[in-house]
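Enquirer: Here the sequence shown is numbered in the working numbering, starting from 14 and rising by one per residue.
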Amino acid sequence: MLDTAIIGGGLCGLALARSLKKAGRSPTLFEARARLGGRILSAVPATTGEALDLGPTWFWPDTQPLITAFVSELGLTSFAQHDEGAVLHLTEADKGPQGFEQQVHGGARRVAGGMARLVATLADGLGEEDIRLGHVLQKVEDKGDHVVLTFRVDDAFLTVEARHVVIALPPRLVAETVRFSPDIDAATRDAMGAAPTWMAAQAKVVMAYSSPFWREAGQSGNAFVTHEQAVVGEIFDACDATGAKAALGGFLSFPPDLREAFVVGLPMLMDSQLVQVFGSAAEGAEQHYQDWALEPFTCSARDRAEPQGEHVAFSNPLLRRPLWDGRLYLGGSETATQGAGYLEGALEAARRIERALARARSEEDEVALPEGLSVNAASLARFATWVATLNDAAFEAYRVRLNRALAAQDREQLTQRAMLGAIEDIYERAADMLDTLPFDMVGVPVEKGRSALMSDVQLPFRDFIQTLLDDIIAFNRTSCALSNFPGEHHLSKDYVQTILRDVAAAWRDFCLAANRRLLAKAEAGLAEAGAALPPGAGARKGPILTSAS
Numbered sequence: 014m015l016d017t018a019i020i021g022g023g024l025c026g027l028a029l030a031r032s033l034k035k036a037g038r039s040p041t042l043f044e045a046r047a048r049l050g051g052r053i054l055s056a057v058p059a060t061t062g063e064a065l066d067l068g069p070t071w072f073w074p075d076t077q078p079l080i081t082a083f084v085s086e087l088g089l090t091s092f093a094q095h096d097e098g099a100v101l102h103l104t105e106a107d108k109g110p111q112g113f114e115q116q117v118h119g120g121a122r123r124v125a126g127g128m129a130r131l132v133a134t135l136a137d138g139l140g141e142e143d144i145r146l147g148h149v150l151q152k153v154e155d156k157g158d159h160v161v162l163t164f165r166v167d168d169a170f171l172t173v174e175a176r177h178v179v180i181a182l183p184p185r186l187v188a189e190t191v192r193f194s195p196d197i198d199a200a201t202r203d204a205m206g207a208a209p210t211w212m213a214a215q216a217k218v219v220m221a222y223s224s225p226f227w228r229e230a231g232q233s234g235n236a237f238v239t240h241e242q243a244v245v246g247e248i249f250d251a252c253d254a255t256g257a258k259a260a261l262g263g264f265l266s267f268p269p270d271l272r273e274a275f276v277v278g279l280p281m282l283m284d285s286q287l288v289q290v291f292g293s294a295a296e297g298a299e300q301h302y303q304d305w306a307l308e309p310f311t312c313s314a315r316d317r318a319e320p321q322g323e324h325v326a327f328s329n330p331l332l333r334r335p336l337w338d339g340r341l342y343l344g345g346s347e348t349a350t351q352g353a354g355y356l357e358g359a360l361e362a363a364r365r366i367e368r369a370l371a372r373a374r375s376e377e378d379e380v381a382l383p384e385g386l387s388v389n390a391a392s393l394a395r396f397a398t399w400v401a402t403l404n405d406a407a408f409e410a411y412r413v414r415l416n417r418a419l420a421a422q423d424r425e426q427l428t429q430r431a432m433l434g435a436i437e438d439i440y441e442r443a444a445d446m447l448d449t450l451p452f453d454m455v456g457v458p459v460e461k462g463r464s465a466l467m468s469d470v471q472l473p474f475r476d477f478i479q480t481l482l483d484d485i486i487a488f489n490r491t492s493c494a495l496s497n498f499p500g501e502h503h504l505s506k507d508y509v510q511t512i513l514r515d516v517a518a519a520w521r522d523f524c525l526a527a528n529r530r531l532l533a534k535a536e537a538g539l540a541e542a543g544a545a546l547p548p549g550a551g552a553r554k555g556p557i558l559t560s561a562s
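(1) Which residue comes first and which comes last in the beta strand (DSSP E) that contains residue 428?
(2) Pull up the distance between the alpha-carbon of residue 29 and that of residue 483, whole angstroms please.
(3) Which one of 474, 430, 149 and 366 has the shortest CA to CA distance from residue 17?
(4) For residue 560, which residues in the same chain have their Cβ closer than 6 Å to its Cβ, ignoring the five residues on either side in sequence?
(5) Grouping DSSP H, G and I as helix and E and B as strand, with all else coil, what is residue 156?
(6) Would you mind giving the Cβ-Cβ distance between residue 216 and residue 302, rounded to the nearest angstrom? I have them listed as a contact below 8 Å.
(7) Quick test of your reading: residue 98 and residue 224, contact by CB under 8 Å. State the CB separation rounded to the nearest angstrom.
(8) Could you check where the beta strand (DSSP E) with residue 333 kicks off and where it finishes?
(9) What is the DSSP secondary structure of residue 291, reduced to helix, strand or coil?
(10) Just tell me which of 326, 387, 299 and 38 has its CA closest to the CA of residue 281.
(11) Across the segment 89-103 and the segment 49-67, are there enough close Cβ pairs to call them in contact, namely three or more that are closer than 8 Å?
(12) Could you check how far apart the C-beta atoms of residue 78 and residue 120 are, in whole angstroms? I think they sit under 8 Å.
(13) Do the segment 241-260 and the segment 200-209 meet, that is, are 3 or more Cβ pairs less than 8 Å apart?
(14) Name the DSSP bridge partner or partners of residue 31?
(15) Which residues mark the beginning and the end of the beta strand (DSSP E) in which residue 301 is found?
(16) Below 7 Å between beta carbons: does that hold for residue 433 and residue 531?
(17) By Cβ distance below 8 Å, which residues in the same chain neighbour residue 335 in space, the five residues on each side in sequence not counted?
(18) Count the other C-beta atoms from every protein chain shown that fall within 10 angstroms of the C-beta of residue 501, then say buried if there are 16 or more, exposed otherwise.
(19) Give the straight-line distance between the Cα atoms of residue 285 and residue 235, rounded to the nearest whole angstrom.
(20) My output table needs one value for residue 105: the three-state DSSP class, helix, strand or coil.
(21) Are the segment 109-124 and the segment 150-162 in contact at 8 Å, needing three or more beta carbon pairs?
(22) Quick check: the Cα distance between residue 271 and residue 413, rounded to an integer number of angstroms?
(23) In whole angstroms, what is the alpha-carbon distance linking residue 295 and residue 222?
(24) Look up residue 169 in the DSSP assignment and say whether it is helix, strand or coil.
(25) For the structure I just gave you, are there three or more beta carbon pairs, one from the segment 171-184 and one from the segment 136-155, closer than 8 Å?
(26) Just verifying my parser: in three-state terms, what is the DSSP assignment at residue 197?
(27) Given this structure, state the Cα-to-Cα distance separating residue 379 from residue 481, to the nearest angstrom.
(28) Using 7 Å as the limit for Cβ to Cβ distance, is residue 220 near chain C?
(29) Are the CB atoms of residue 238 and residue 103 within a distance shorter than 7 Å?
(30) Beta-carbon separation of residue 31 and residue 127 under 7 Å?
(31) Could you tell me which of 305, 436, 189 and 354 sits nearest to residue 408, measuring between CA atoms?
(32) For the alpha helix (DSSP H) that contains residue 476, what are its first and last residues?
(33) Thinking C-alpha only, which one of 468, 464 and 392 is nearest residue 446?
(34) What are the start and end residues of the beta strand (DSSP E) that includes residue 43?
(35) Do residue 512 and residue 429 have their CB atoms nearer than 7 Å?
(36) Which residues share a DSSP beta bridge with residue 342?
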């Protein structure tokens, strides 16, 4: 039986496999294609020999810290996207373009040698026994203490057993193509189907040239074609870091069905489009074209049918919940809290699942606390571990309360009341949890009525509220049920501040309750100590607990 099966050899799956292997675990990566990388794909033209990206091209250091650090960690070199020079804009099919000065790519950087260098470097860190290509996931079955996977491999079917399974694929594609037994809950399935796969229905072309003639003409290589007959709508400079290995890249304006209808003549149309924008020097390029809408392991039927809307860089929190008691996890960039659809989101999802698997392993193996811990340190460690599991419970409590309010046709302060109620329930459970833990209160200082242990009790909650609020904001933004409640669908800053004021009051009440319970433990300890003294023994007069100096 496998320890962890990861389905999907894109950046999320590869990064997770790498981190698990470094931590001493034994992940096995299954990929449907005959190659790794998912949407990361680079072509190497004969004209220049320089890899050109047909999938993700850029990352932005100012807003994407994970991929920025990851590129550096892997020892890869990056360079700034060329943005200097005039931008061209073609608005009419029978006229020439107009030029204007503008920075288009906002500090974007590219990986030298193409984004496929990420894939190759990650794959080098895994052994051949860790990767299985050509495995198409068909079915996932929960067996109580493990999961059974059914793959199609060529014309045969293969079953694999694993303790934990991570499906690092576009959620919408999984919802359409994979059977679950028992079926996952309706809310999660709906969230999967509602998560657009970023760029899934798009097509991209890169054209290699012998020289960067546009730079020599004072142009940046950036161009926009917006007339009704546009074939390539957005064009950019795709040269290497030196600019010597020349190329232009572009995204097609034609929708998927039109691209298929013109498939024979499309190379000529794209070439003609580039000549219209940049002149005769652009004629006869070496073309490399990728239509992602034709990729069955990327683009779902729903992605193909629905027009690509505004990019939303976060996902429904239901996609981030462990399923089947922590035996099944959904991954992939579209499940990320931030940067969904981007390389950043793929790494964020991988890190989330890595942490969840570490917690699950600790619980399964009943990992003992380090020897030599005091009673108080051990109890506080157990309390912190327990608190780390509360965000999923708090979000589920919020969702249940929100659904009840909607069913009751409430219309006012839906988010505020549901979130506050969920948090109050969690805080009450946390205070009760403290009662179940042993503490040695002898010698624990109390200053102005506050136990010195309170700082340690409060510490595990440091990121609790922000994480829950982020999940709620993302859920509301992706909820069809709340689309009729604009103030709840998109929370205003004033509304969020009002909610946070209520939450602050609930936090204060919890802290007071937790402190009272710690003081009660101290009093009980004193009483027990007094009862244990032999008759006539000189019991201490006055409290053992003293104010800290």
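All C-beta atoms, glycine included, are put in the ideal place defined by N, C-alpha and C.
Expert: Considering the structure as presented:
(1) Careful: residue 428 lies outside any beta strand (DSSP E), inside the alpha helix (DSSP H) at 427-449.
(2) 23 Å
(3) 366
(4) For residue 560, the pLDDT reaches just 33, beneath the cut-off of 50, and the residue's location in the model is therefore unreliable, leaving the point undetermined.
(5) coil
(6) 7 Å
(7) That pair is no contact at about 15 Å.
(8) Taken as a continuous stretch (DSSP letters only), residue 333 belongs to no beta strand (DSSP E), as it is neither H nor E.
(9) helix
(10) 299
(11) no
(12) Between residue 120 and residue 78 the Cβ distance is about 13 Å, and since that is not below 8 Å, they are no contact.
(13) no
(14) According to DSSP, which records beta bridges pairwise, residue 31 is partnered with nothing at all.
(15) 299-304
(16) no
(17) 341, 342, 369, 373 and 405
(18) buried
(19) 17 Å
(20) coil
(21) no
(22) 44 Å
(23) 8 Å
(24) strand
(25) yes
(26) coil
(27) Caution applies to residue 379, whose pLDDT of 49 falls short of 50 and renders its modelled position unreliable; the value that the coordinates give is listed next. So the alpha carbons of these two residues sit roughly 27 Å apart.
(28) Checking the listed chains, one finds no chain C in this structure; it contains a single protein chain.
(29) yes
(30) no
(31) 436
(32) Segment: none, residue 476 is in no alpha helix (DSSP H) and carries neither H nor E.
(33) 392
(34) 40-44
(35) yes
(36) 179
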